[in-house]
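Chemist: For the sequence shown, the residue numbers in my numbering are 77 to 204. Here you go, one structure.
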Amino acid sequence: MSPEPAIPSTSDELTGGVAGTSPGEPSREDRRPARFSDSATSHESASLVALVERIPEGWTLATYEGRRYGLTRTTRVGGRSISVLAEELGGPDLISANVYRTHKADHLRACEMPEAKVLAFLRRWIPA
């Protein structure tokens, strides 16, 4: 049994670094979304797509780190583009990202914040 990989902190790590088709890159069969290794909850070991898919389409009330958020998921282009926006209710915090699903990989693009902040939220939010 091989050890689990470290928790990814960038979109390249999430997608296994599959940017193109240069020599030395992984084969097409190896181009699968990476999995997270932190296993405090079942959501922490989920793939990027699984983390995003657990958010209902539209608006929902969420709790994260003891604070309440209005969480919105908007899916476009037949599921190939997904926007996630979480606004702290009565506070200043904001989480915003887009996920682009290509035939090669899934790409997380955080908006004006570190990807680690978005990933932490996606792993640990709970429905309120």
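Think of the CB as a built atom: it goes at the ideal place given N, C-alpha and C, for glycine as much as any other residue. The structure presented is a predicted model; accordingly, all values stated were derived computationally and were not measured.
(1) Go ahead and label residue 198 buried or exposed: buried means 16 or more other beta carbons lie within 10 angstroms of its beta carbon, across all protein chains shown.
(2) Do you know offhand how far residue 165's Cα is from residue 137's?
(3) Please check the pair residue 204 and residue 139, which I expect to be a contact at CB under 8 Å, by giving their CB distance rounded to whole angstroms.
(4) Which partner residues does residue 183 have in the DSSP bridge list?
(5) Alpha carbon to alpha carbon, what distance is there between residue 185 and residue 196?
Modeler: The answer reads as follows:
(1) Classification of residue 198: buried, given that the 10 Å Cβ count is 16 or more.
(2) One C-alpha to the other measures close to 9 Å.
(3) That pair is a contact at about 5 Å.
(4) DSSP output for residue 183 lists 176 as bridge partner(s).
(5) One C-alpha to the other measures close to 14 Å.
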